[in-house]
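Residue numbers (the numbering used here): 59 to 349.
Virtual Cβ for every residue (Gly too), placed ideally from N, Cα, C.
Just so it is clear, the structure is predicted and the values come from calculations on it, not from any experiment.
Just below is one structure, and these are the notes that go with it.
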């Protein structure tokens, strides 16, 4: 589906064929109308194009990932995306290594930022390296895939991605979590709120307790992701005694198209298929004993 049709008789041209993966910002034919009208017509055409974008993707993060980020979501990733789109409030994903958690969450955050307004998205992880070198780095990487006309609407700093037109009302912010700083997910209030906790097994209970207030609005969703390293704590509970109130996913590295079979066989040879290392890192099962 094209973004908009060429209306040559109205002096609006496309720079090149405009598809959902390669946007072309409409330009007004020069030498036809005064400069002030050039600006007005360009603004109107761009606004119309963005409205078309919103109408196309505001309820379809899977199509957004496919068309705007050139991703091909796996079935479990698409299921998580649809759950967020449907405003399901409590989501938790446990998995082995390399199954695509970061890509799924990063794509969701960009979709949320670009299609919901106002919105506040907070992403956290136990350490700075886990946060900034993994998930937040994936957000910035996927930004480069956005069609130019859409990508120019947002900008990134070291710990934020903001909608340029409304930086205080529509943003992604990255905050590390610790027992000493449990407020990383606290105080987030907006009509649309998305809280994302990566490596959730290592995030202290106090952080999730402080996040309760941020879930007070009806348009709030919490998404937890991680390897099930610990058989205790809040992340573990979402897959066990709290499972009735949380939508959960269990994703194994075995037969996952993103994971090399050599990784699976090497983990089995090194540690044994009954080991915690294999359970957690490959099967996505909680450790039997986390020491």
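- For residue 200, there is no enclosing beta strand (DSSP E); the residue is part of the alpha helix (DSSP H) that begins and ends at 194–201.
- Of the candidates 337, 214, 221 and 315, 221 places its Cα closest to the Cα of residue 170.
- When 243, 139, 321 and 207 are compared, the shortest CA-CA separation from residue 151 is found for 139.
- Between residue 309 and the set 343, 153, 204 and 323, the nearest pair of CA atoms involves 153.
- Excluding the 5 residues flanking it on each side, residue 277 has same chain C-beta neighbours closer than 6 Å at 249 and 250, in chain order.
- Per DSSP, the continuous beta strand (DSSP E) segment holding residue 283 begins and ends at 278–284.
- DSSP places residue 208 in the helix class (H, G or I) of the three-state scheme.
- Contact between residue 115 and residue 173 holds: CB atoms are separated by about 6 Å, below the 8 Å threshold.
- The DSSP assignment places 251–255, 278–284 and 305–309 as complete runs of the beta strand (DSSP E) inside the segment 248–316, in order along the chain (cut-off: 3 residues).
- Within the same chain, and ignoring the five residues on either side of residue 303 in sequence, the residues whose Cβ sits closer than 8 Å to its Cβ are 148.
- In terms of Cα proximity to residue 343, the closest of 315, 226, 252 and 297 is 297.
- Residue 178: member of the beta strand (DSSP E) spanning 177–183, first to last residue.
- With contacts defined as CB atoms closer than 8 Å, residue 281 and residue 246 fail to qualify as a contacting pair.
- Minimum Cα-Cα distance from residue 167 among the listed residues 137, 198, 188 and 312 corresponds to 198.
- Residue state for residue 149 is assigned as strand, using DSSP reduced to three classes.
- A direct Cα-to-Cα measurement between residue 338 and residue 110 gives close to 43 Å.
- Rounded to the nearest angstrom, the gap between the Cα atoms of residue 293 and residue 325 is 24 Å.
- In summary, residue 243 is buried, with 16 or more beta-carbon neighbours lying within 10 Å of its beta-carbon over all protein chains present.
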